[in-house]
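In full-length UniProt numbering, the protein residues as written are 1 to 232.
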C-alpha cells in the first residue's frame, strides 16, 4: 500500500511575513488534524490487514517526507498511531513542494540552508515524538531530482519519476501487500499524484489521505482512496 498524506495546517499561515520563512511548524489546529488523520489511517491499515489476511507482525512500514517541517511533523504525529516499531523518517526530495522563488527564497540544497534546517529538525522530533530523521532518499535511482527554482512542468516530472520508481520498487517484492509506504507531502504534490493515477480530485485539504494498493497478481496499482479528509 502506498499512502500520500498532505501536510497539516501550518502556523501563522495568514501572517504578512510568511514569505520570510515558509518552512513553518504546524499550528495547534494542524496538530489536531494530524492526530485525527493518524487514527483514521490506523483503521484503514487494520482493514487492509483483515481483508488480505495478513500477519500484523510481518508488516513493513516505510516513512518518507518532504524536507519541510510541517510535513515532517505531520508524519511524526501520524506515526504515533500506527502498529510499527519503525521510527525512521527518510527525507525524500521528490516529495518537496514546488520550488517557486517568490515562496521559497532560499535554495533547499545549498549548504547554509541545510545547516539552518538541521538546527530546526535534528534532535527536535526525536525528543517530541521519538522519531529519527534520515536525510537521504529511501527510493533511489530516480533521474529527476529536486532543483531550485523550478516550474510546474518540472515539478510534475519530478513527482512522476518518484511514482514510477516507487512502483518498480514495490513490485519487486512477492509479498507486496506486507509493505506500507507512507509519504508526507504537500497539497499540490498530492494533486499531481492523483492526476498520475487518473483520479483527479479538487479541493484537496490539509491532512487528506490518498491510498494506492499494489495487487499481488498484476503489476498495475489501484487507487483506493482519493484525498479524503478525516478531520472536522
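Even for Gly, the Cβ is constructed at its ideal location relative to N, Cα and C.
Please classify residue 71: does DSSP put it in a helix, a strand, or coil?
-> Secondary structure of residue 71 (DSSP, three-state): helix.
Run through the region 104-183 for me and flag every whole alpha helix (DSSP H) of 4 or more residues, listed as ranges in chain order.
-> Restricting attention to alpha helix (DSSP H) runs no shorter than 4 residues, the region 104-183 encloses them at 111-121, 124-129, 152-171, ordered along the chain.
Take every Cβ of the region 146-158, pair it with every Cβ of the region 81-96, and state whether three or more of those distances are shorter than 8 Å.
-> Result yes; three or more Cβ-Cβ pairs closer than 8 Å.
Cα-Cα separation, residue 194 to residue 185 = The C-alpha of residue 194 lies about 13 Å from the C-alpha of residue 185.
Please determine if the region 158-171 and the region 71-91 are in contact, where contact requires at least 3 C-beta pairs separated by less than 8 Å.
-> Touching, no, given that fewer than three Cβ pairs across the two stretches are closer than 8 Å.
Go through its chain and collect everything with a Cβ distance to residue 178's Cβ below 7 Å, but skip five positions before and after it.
-> The residues are 54, 58, 59, 60.
8 Å Cβ cutoff, residue 135 in contact with chain B = Among the protein chains of the structure shown there is no chain B, as only one such chain exists.
Excluding five sequence neighbours on each side, which residues of the same chain lie with their C-beta closer than 6 Å to the C-beta of residue 212?
-> For residue 212, the CB contacts under 6 Å within the same chain, skipping 5 residues up- and downstream, are 2, 221, 223 in chain order.
Please determine, among 229, 161, 189, 40, the residue with the shortest C-alpha to C-alpha distance to residue 140.
-> Checking every option, the nearest Cα to that of residue 140 belongs to 161.
Cut-off 6 Å between Cβ atoms - residues of its own chain near residue 200, not counting five sequence neighbours on either side = Around residue 200: 194.
Which term fits residue 103, buried or exposed, when burial requires 16 or more other beta carbons within 10 angstroms of its beta carbon?
-> Exposed.
Name the two residues that bound the continuous beta strand (DSSP E) containing residue 2.
-> Run containing residue 2: 2-6, per the beta strand (DSSP E) assignment.
What is the rounded straight-line gap between the Cα of residue 73 and the Cα of residue 51?
-> Near 30 Å, if we compare the C-alpha coordinates of residue 51 and residue 73.
Closest by C-alpha distance to residue 131, when choosing among 175, 23, 65 = Each of 175, 23, 65 was checked against the Cα of residue 131, and the nearest Cα belongs to 65.
Report the rounded CA-to-CA distance for residue 205 versus residue 56, giving the unit in angstroms.
-> Linking residue 205 to residue 56 through their CA atoms gives a straight-line distance of about 30 Å.
Beta-carbon separation of residue 9 and residue 29 under 8 Å?
-> Yes, the pair counts as a contact, with Cβ atoms nearer than the cut-off.
Just how far apart, CA to CA, sit residue 70 and residue 198?
-> Between the C-alpha atoms of residue 70 and residue 198 there is a straight-line separation of about 27 Å.
Put residue 84 into one of helix, strand or coil per three-state DSSP.
-> DSSP places residue 84 outside both helix and strand once states are collapsed to three, so it counts as coil.
Tell me whether residue 10 sits in a helix, a strand or coil according to DSSP, three-state version.
-> In the displayed model, residue 10 falls within a strand according to three-state DSSP.
In the DSSP assignment, what are the bridge partners of residue 64?
-> 90, 183, per the DSSP bridge assignment.
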